[in-house]
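*Asks:* Have a look at the structure that comes next, please.
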Amino acid sequence: MLKSVIFKGPCNDSITFQIKGVLKAPIDPSLLTDQKWINFRYIDQLNVNGGGTLDGQGSATRRKCKNNANCEILFTTMDFDFITNGHVQNLHSIDSKGGHFIVFGCENMTFTDLTLKSPEHNRNTDGIKIAQTNGINITSVKIGTGDDCVAMISGTKNAWISNVVCGPGHGISVGSLGKNDGETDVEDIVVKNCTFVGTSNGLRIKTWAAPLKKTLNASNFVYEDIVMNSVQNPIVIDQQYCPLHQCDLKEISHVQISNVTYRNIRGSSETDIAVNFNCSKDKPCQKITLDNINLWRYGVRGKGRPLLRNNCFKVEGASYGKQTPPSCIAHRATPLST
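First residue of the sequence shown? That's 146 in the working numbering, and the numbers climb one at a time after it.
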């Protein structure tokens with residue numbers, strides 16, 4: 146059993162941590178501090194690998210805390226704070242108390258050959274959550290959780306996510322954004338060659354309808370070559386995000402979403418709405434592109450199958466190529482030259 150530990154730089158040279166065997170977090174959350182189990186901070190050239198398993202013992206902690214309102218359970222398995230040139234590879238993280246990995250204030254991070262698993266019913270167990278980070282590569286990762294497989298929030302820039310299998314979970318998300326002043330733009334995101342299996346969402350952008358003092362931008366996203374397998378909401382932009390339904394829906398989102406492309410998206414939906422764009426009245430979504438979309442109702446494929454439908458509110462953009470179901474954005478024969 147390993148209690149909370151912090152590895153803090155700066156260091157004089159590159160650092161490699163090899164994790165082998167199984168490391169278990171304490172069941173009793175009072176033995177952990179600062180909502181973190183293993184924390185790396187202020188290190189340049191950090192390598193974490195070894196093929197081992199990090200067992201957060203989250204299910205046992207939730208049972209222990211079930212009847213205790215003062216029992217804190219949402220401890221992250223591994224935090225990376227202000228790391229430059231980090232490489233995390235060949236690890237397994239299971240049954241996290243809260244999120245598996247949090248990446249904050251980092252630059253040039255790579256996560257590859259990982260397996261992150263939590264029970265679907267354990268809420269707030271994000272796979273990889275990213276904030277205020279420039280340059281992150283997530284590839285060849287299998288994630289099944291009770292929350293977002295990957296969540297990119299305030300200040301995430303230049304992210305490349307590929308060959309990720311997500312499910313169960315809430316999909317790959319940008320956001321939530323726009324709830325608090327001081328948040329910064331999210332820009333230049335690529336999600337490619339990913340598969341979603343039995344998730345509540347596939348590709349989701351979510352922003353709060355909140356009275357921010359300044360406009361926040363979410364722009365330059367490409368989602369390409371994506372497979373949906375029995376996904377409840379395959380493609381979503383929700384600018385009235387309010388998970389607990391305790392919001393003043395008279396407010397308007399001040400997040401400007403623009404330059405978002407969905408290309409070669411195919412597979413099955415558990416619901417009748419394949420594409421759901423609910424954008425801001427004040428700042429409509431701009432330059433949204435649907436290119437070759439082929440989505441059908443789960444379990445009903447083939448000739449004569451019932452069509453799904455798309456929903457668009459305050460969206461400006463265009464669609465190209467095959468559109469199943471029919472696009473709710475104006476269709477063009479070919480993309481305009483740039």
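Glycine included, each C-beta is placed from N, C-alpha and C at the ideal position.
Grab me the residues of G243's own chain with a C-beta within less than 6 Å of its C-beta, minus the 5 sequence neighbours each way, in chain order.
*Replies:* The answer, listed in chain order, is L219, F220, T221, N269.
*Asks:* DSSP three-state label for G203, please.
*Replies:* In the structure shown, G203 sits in a helix (DSSP, three-state: H, G or I).
*Asks:* Pairs of beta-carbons, one from the segment 195-215 and one from the segment 248-255, closer than 8 Å: are there three or more?
*Replies:* Segments in contact, no.
*Asks:* What does a CB cutoff of less than 6 Å around N308 pick up in its chain, not counting 5 residues either side in sequence?
*Replies:* If we look at N308 and ignore the five residues flanking it on each side, its Cβ neighbours are T284, S285, N338.
*Asks:* Using 8 Å for Cβ pairs, my map puts S318 next to G343. What's the rounded Cβ distance?
*Replies:* At roughly 16 Å, the Cβ-Cβ gap does not stay under 8 Å, so S318 and G343 are not in contact.
*Asks:* Taking the Cβ atom as the reference point for each residue, do N267 and G289 lie within a distance shorter than 7 Å?
*Replies:* Not a contact, by the Cβ cut-off of 7 Å.
*Asks:* Our contact map puts G280 next to M254 with C-beta atoms below 8 Å; I'd like the distance itself, whole angstroms only.
*Replies:* So it is a contact: roughly 7 Å between Cβ atoms.
*Asks:* Where does G449 sit, in a helix, a strand or coil, going by DSSP?
*Replies:* Low per-residue confidence applies at G449: pLDDT is 49, beneath 50, and the placement is therefore not dependable enough to give any value.
*Asks:* Excluding the 5 residues flanking W305 on each side, which residues of the same chain have their C-beta closer than 6 Å to its C-beta?
*Replies:* Excluding sequence neighbours, W305 sits near N282, V335.
*Asks:* Please return the same chain residues whose Cβ sits closer than 6 Å to the Cβ of E217, not counting the five positions on each side in sequence.
*Replies:* Excluding sequence neighbours, E217 sits near P174.
*Asks:* From R454, N439, D271, N325, pick the residue whose C-alpha is nearest to that of G466; which is it?
*Replies:* The residue with the shortest Cα to Cα distance from G466 is N439.
*Asks:* If you draw a straight line from the alpha carbon of G347 to that of Q180, how long is it in whole angstroms?
*Replies:* Each residue's alpha carbon lies about 28 Å from the other.
*Asks:* Is the distance from the Cβ of L357 to the Cβ of D330 below 7 Å?
*Replies:* No.
*Asks:* Compare the C-alpha of T340 against each of G316, A205, G300 and name the closest.
*Replies:* Measuring from the Cα of T340, the nearest candidate turns out to be G316.
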